[in-house]
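Here the sequence shown stands for residues 412 to 764, where the numbers follow our numbering.
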Amino acid sequence: MEAPVLQPPVLTPVPVGKTGVLIVNLGTPDSPSVPDVRKYLREFLMDGRVIDVPYIPRFLLVNGIIAPFRAPKSAKVYKQLWTEVGSPLKHYGYVVERQLQEALGDAYVVKLAMRYQSPSIDAGLADFQRMGLTDLVVIPFFPQYASASTGSVYEKVMDILKTWQVMPKLRFVNRFLEHPKFIEAFVQAGRKYLTERHYDHVLFSYHGLPERQIRKGDVTKDVCRFGDCCGSLTAMNQHCYRAQCFETTRRIVRDLGLAEGSYTTCFQSRLGRDPWIKPYTDDIIKELAGKGVKSVLAFSPAFVSDCLETTIEVGEEYKEMFEERGGEHWQLVESLNDNPLWVETLVDLVKTA
Numbered sequence: 412m413e414a415p416v417l418q419p420p421v422l423t424p425v426p427v428g429k430t431g432v433l434i435v436n437l438g439t440p441d442s443p444s445v446p447d448v449r450k451y452l453r454e455f456l457m458d459g460r461v462i463d464v465p466y467i468p469r470f471l472l473v474n475g476i477i478a479p480f481r482a483p484k485s486a487k488v489y490k491q492l493w494t495e496v497g498s499p500l501k502h503y504g505y506v507v508e509r510q511l512q513e514a515l516g517d518a519y520v521v522k523l524a525m526r527y528q529s530p531s532i533d534a535g536l537a538d539f540q541r542m543g544l545t546d547l548v549v550i551p552f553f554p555q556y557a558s559a560s561t562g563s564v565y566e567k568v569m570d571i572l573k574t575w576q577v578m579p580k581l582r583f584v585n586r587f588l589e590h591p592k593f594i595e596a597f598v599q600a601g602r603k604y605l606t607e608r609h610y611d612h613v614l615f616s617y618h619g620l621p622e623r624q625i626r627k628g629d630v631t632k633d634v635c636r637f638g639d640c641c642g643s644l645t646a647m648n649q650h651c652y653r654a655q656c657f658e659t660t661r662r663i664v665r666d667l668g669l670a671e672g673s674y675t676t677c678f679q680s681r682l683g684r685d686p687w688i689k690p691y692t693d694d695i696i697k698e699l700a701g702k703g704v705k706s707v708l709a710f711s712p713a714f715v716s717d718c719l720e721t722t723i724e725v726g727e728e729y730k731e732m733f734e735e736r737g738g739e740h741w742q743l744v745e746s747l748n749d750n751p752l753w754v755e756t757l758v759d760l761v762k763t764a
């Protein structure tokens, strides 16, 4: 008698769940009032990846000096930035959240979060958990990786997820400065101004970092020299924020067809007495004005949304500094905000994370 032929069991297909997409920007006060600005500054500056000193001196510095004295001054500046829809950074965040949701479709759930203040990362992840989502993509809105920005988002997300009983499949976007659509969005924005008039010089101003943070990220302890080591992005320096900024400039410059010597990469927003990465934007502005440069087109490619550092610092304060020294025309290239190419960039990042 022949043995019966065993048939493989019929497997019931496992339902395919949705993918949660958390898009995360730095954050903004809930309002330009002094109490809300002080609350924001305390949360932001108490992050050990932002002010990377031991907890007790950081606590005393932030709560005893910076937040009490800086909040009233910062609140005045935030009032200049505020629009009828509130913070531009948060407004465009919600616009992009809706547009990205529409572009991705029903297989995805998109949530906006801020690293500091609201809407919080905690709330976004809690929503995903209640939905039973176990496939998550996290996209920090920082084109270049830095411990104080992207690294801080990573740390916050993982601190929350480690408490989940069911750990999700988790994918992070580390950086996206190389994405061709991200570059093209800035190129198109800049080309619009370059076709309207001639500019003597083009400035690429990035948010600065203390040099010590760059050194901490140099695992070789031998590559970082704050000079020619940023002349190209290599396997050895690819995690260096400064090198990534110079690479971003090179890619935008290449596609704009700018001549060598007609542009400068520099760094803004330094605080304290410790050396920050150079060259400093304000020093470059003084140098350009001293050479008789009359018109400057300024990019801020470390930011994807209009914010204090772009609209006010680069767009107004640096303009005033330039004009006080004889400059005649200063033009800020707006951030990506709700640019369709930016949304297309995010779609690609979600699907290839």
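Backbone N, C-alpha and C define an ideal beta-carbon position, used for all residues, glycine too.
Neighbourhood of residue i by C-beta, 6 Å cutoff - its chain only, sequence neighbours within 5 removed
| i | result |
| --- | --- |
| residue 510 | 754 |
| residue 486 | 443, 445 and 448 |
| residue 561 | 551 and 553 |
| residue 469 | 462 |
| residue 535 | 433, 522 and 524 |
| residue 764 | 548, 582 and 584 |
| residue 809 | No answer is possible for residue 809: it lies beyond the span of the chain, which begins at 412 and ends at 764. |
| residue 690 | 677 |
| residue 756 | 590, 592 and 593 |
| residue 504 | 436 and 523 |
| residue 564 | 435, 526 and 551 |
| residue 657 | 641 and 676 |
Beta-carbon proximity list for residue i, same chain, < 7 Å, skipping 5 on both sides
| i | result |
| --- | --- |
| residue 733 | 696, 700, 707 and 741 |
| residue 619 | 678, 679, 680, 681, 687 and 688 |
| residue 538 | 522 |
| residue 604 | 708, 742 and 744 |
| residue 632 | none |
| residue 557 | 620 and 652 |
| residue 530 | 523 and 524 |
Assigned exposure category for residue i - 16 Cβ within 10 Å defines buried
| i | result |
| --- | --- |
| residue 636 | exposed |
| residue 425 | Because residue 425 carries a pLDDT of 48, less than 50, the predicted location of this residue cannot be relied on, and the following value inherits that uncertainty. When all chains shown are included, residue 425 counts as exposed. |
| residue 766 | Examination of residue 766 is not possible in this model, given that the chain is present from 412 through 764 alone. |
| residue 709 | buried |
| residue 750 | buried |
| residue 626 | exposed |
| residue 496 | exposed |
| residue 692 | buried |
| residue 501 | buried |
| residue 480 | exposed |
| residue 483 | exposed |
| residue 630 | exposed |
| residue 760 | buried |
| residue 555 | buried |
| residue 356 | Residue 356 lies beyond the residue range present for the chain, which begins at 412 and ends at 764; the question has no answer from this structure. |
| residue 532 | buried |
| residue 762 | exposed |
| residue 498 | buried |
| residue 646 | exposed |
| residue 431 | buried |
| residue 737 | exposed |
| residue 717 | buried |
| residue 726 | buried |
Neighbourhood of residue i by C-beta, 8 Å cutoff - its chain only, sequence neighbours within 5 removed
| i | result |
| --- | --- |
| residue 623 | 463 and 685 |
| residue 517 | 429 |
| residue 771 | Since the first residue shown for the chain is 412 and the last is 764, residue 771 is missing from the structure and cannot be characterised. |
| residue 765 | Look at the range of the chain in this structure, 412 to 764, and you will see that residue 765 is not part of it. |
| residue 758 | 511, 514 and 515 |
| residue 731 | none |
| residue 386 | Outside the shown range of the chain, which is 412 to 764, sits residue 386, and nothing can be said about it. |
| residue 528 | 438, 439, 440, 441, 450, 451 and 454 |
Identified DSSP bridge partners for residue i
| i | result |
| --- | --- |
| residue 581 | 547 |
| residue 765 | This structure does not reach residue 765, given that the chain is present from 412 up to 764, and the question cannot be answered. |
| residue 502 | Per DSSP, none; premise fails for residue 502. |
| residue 707 | 612 and 741 |
| residue 691 | 678 |
| residue 372 | In the structure as shown, the chain starts at 412 and stops at 764, and residue 372 therefore has no counterpart that could be examined. |
| residue 531 | 525 |
Proximity test, Cβ basis, 8 Å: residue i and chain C
| i | result |
| --- | --- |
| residue 622 | This model lacks chain C altogether, as it is built from one protein chain only. |
Inset, instruction - Report the residue ranges of all alpha helix (DSSP H) runs contained in full by the region 591–677; include only those spanning at least 4 residues, in chain order. - result: Whole alpha helix (DSSP H) segments, 4+ residues: 591–607, 622–628 and 652–667.
Inset, instruction - State whether the region 565–579 contacts the region 595–613, with contact taken as three or more CB pairs (one from each stretch) at a distance under 8 Å. - result: No, the region 565–579 does not touch the region 595–613.
Inset, instruction - Report yes or no: do three or more beta-carbon pairs, one from the region 533–548 and one from the region 571–582, lie closer than 8 Å? - result: Flag = yes, the region 533–548 and the region 571–582 touch.
Inset, instruction - Starting from the N-terminal side, write out each stretch of the alpha helix (DSSP H) that is 4 residues or longer and does not extend beyond the region 425–497. - result: If we require 4 residues or more, the alpha helix (DSSP H) runs fully inside the region 425–497 come out as 445–456, 466–472 and 478–492.
Legend entry - Cβ pair count under 8 Å reaching 3, the region 653–669 against the region 582–596: Yes, the region 653–669 touches the region 582–596.
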